[in-house]
Amino acid sequence: MNENFYTLTNYLHNNKYITYAMEDYLEMIYREYHLNHKITITSLSNLLNVKKSSCSKMISKLKNLNLVYAKKSISLTKSGIILGIYLFKRHLIISIFLKKLNSQNYSLNQVEKIEHFIDPLTLTNIKNLLPKI
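Going by this note's numbering, the first residue of the sequence shown is number 60, and it counts up by one from there.
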């Protein structure tokens, strides 16, 4: 077995085109979009417990990546919807898995941390494992 080990920092710099914070914003925007809720800077900043100025800056970054439209309200582009669906499902799969695994010691905090580090293959394998546990 000849594996190369790296520090966490090396693993984190994996050329993702969006940051973990961007993922959190997109996931929350998709959640509200899915519920047909009007999404504004104010409502989004309240949902994510961030300052409106920080939220506004992030929405500008997501607009530049062609993931959202923003005028009076925020909506997702086609690419934003596709990514939002993935992020939302990823959250649900990890949440269900940890609820089954840890029962009463389930923690949203843990889900939020894990979801940014899991790769699509592992996520698919966990999804396929869920009916068996």
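Glycine included, each C-beta is placed from N, C-alpha and C at the ideal position.
Do residue i and residue j have their C-beta atoms within less than 8 Å of each other?
{"i": "I77", "j": "L103", "result": "no"}
{"i": "I144", "j": "I185", "result": "no"}
{"i": "K122", "j": "A129", "result": "yes"}
For residue i, report the span of its beta strand (DSSP E) as first-last.
{"i": "S112", "result": "S112 -> not in any beta strand (DSSP E); alpha helix (DSSP H) instead, spanning 111 to 123."}
Consult DSSP for residue i and reduce its assignment to one of helix, strand or coil.
{"i": "Y79", "result": "helix"}
{"i": "F156", "result": "helix"}
{"i": "H150", "result": "helix"}
{"i": "Y92", "result": "helix"}
Once you ignore the five residues that flank residue i on each side, which residues in its own chain have a CB closer than 8 Å to its CB?
{"i": "I98", "result": "I88, E91, Y92, S132, I133, S134"}
With respect to the alpha helix (DSSP H) encompassing residue i, which residues constitute its N-terminal and C-terminal limits?
{"i": "S102", "result": "100 to 107"}
{"i": "I133", "result": "Here I133 belongs to no alpha helix (DSSP H); instead the beta strand (DSSP E) covers 133 to 135."}
{"i": "P190", "result": "Note, P190: premise wrong, no alpha helix (DSSP H); not H, not E."}
What residues are listed by DSSP as bridge partners for residue i?
{"i": "Y128", "result": "S134"}
Residues in its own chain within less than 6 Å of residue i by CB, not counting five upstream and five downstream?
{"i": "N105", "result": "none"}
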